[in-house]
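The opening residue of the sequence shown carries number 4 in the working numbering; numbering runs sequentially from there.
The beta-carbon is built from N, C-alpha and C at its ideal position, and this holds for glycine as well.
What follows is one structure encoded as structure tokens, with my remarks underneath.
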Amino acid sequence: MKVFDWKELVTHARQHSPYYRELYSKLGSISTLGKLSDVPIVNQAEFWKANTAENNQVFTSDRTDGIAFKSGGTTDNPKFSIYSRDEWNLFTRYFGEAM
């Protein structure tokens, strides 16, 4: 299981996700950025509009394993959080260590 540094993660997202390609289109070369705060902040409404069950624009690859969470909450507007097996294992490991 590989852990990405933030520049690798931003580069990967921009290369493989239509949503992040557009969001990061004005950044130029990622390697020249000095700090994570140089990367644009994700607009939550736009993110969830792009992160849908069909025709998803956020994903960086096809989903073949893992777990999906869906919540409509009180908005009746479904939101999806989908993790690959490796992402979920990494997330829970770090969460557990933080606890």
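Which one of the options has the shortest CA to CA distance from residue i?
| i | options | result |
| --- | --- | --- |
| Phe62 | Thr77, Ser84, Asn80 | Ser84 |
| Pro43 | Ser74, Thr78, Arg24 | Arg24 |
| Asp68 | Val45, Arg88, Asp79 | Arg88 |
Would you grab the beta carbon distance between residue i and residue j for me? Rounded to a whole angstrom, and I think it's under 8 Å.
| i | j | result |
| --- | --- | --- |
| Ala53 | Tyr22 | 4 Å |
Exposed or buried, what is residue i when buried is set at 16 or more other beta-carbons lying within 10 Å of its beta-carbon?
| i | result |
| --- | --- |
| Leu39 | exposed |
| Ser28 | exposed |
Along the chain, where does the alpha helix (DSSP H) that runs through residue i open and close?
| i | result |
| --- | --- |
| Lys52 | 47–53 |
| Ala16 | 9–19 |
At which residues does the beta strand (DSSP E) containing residue i begin and terminate?
| i | result |
| --- | --- |
| Ala56 | Run containing Ala56: none; DSSP gives neither H nor E here. |
| Phe72 | 70–74 |
| Phe83 | 82–86 |
Roughly how many angstroms lie between the CA atoms of residue i and residue j, to the nearest whole one?
| i | j | result |
| --- | --- | --- |
| Asp8 | Glu90 | 14 Å |
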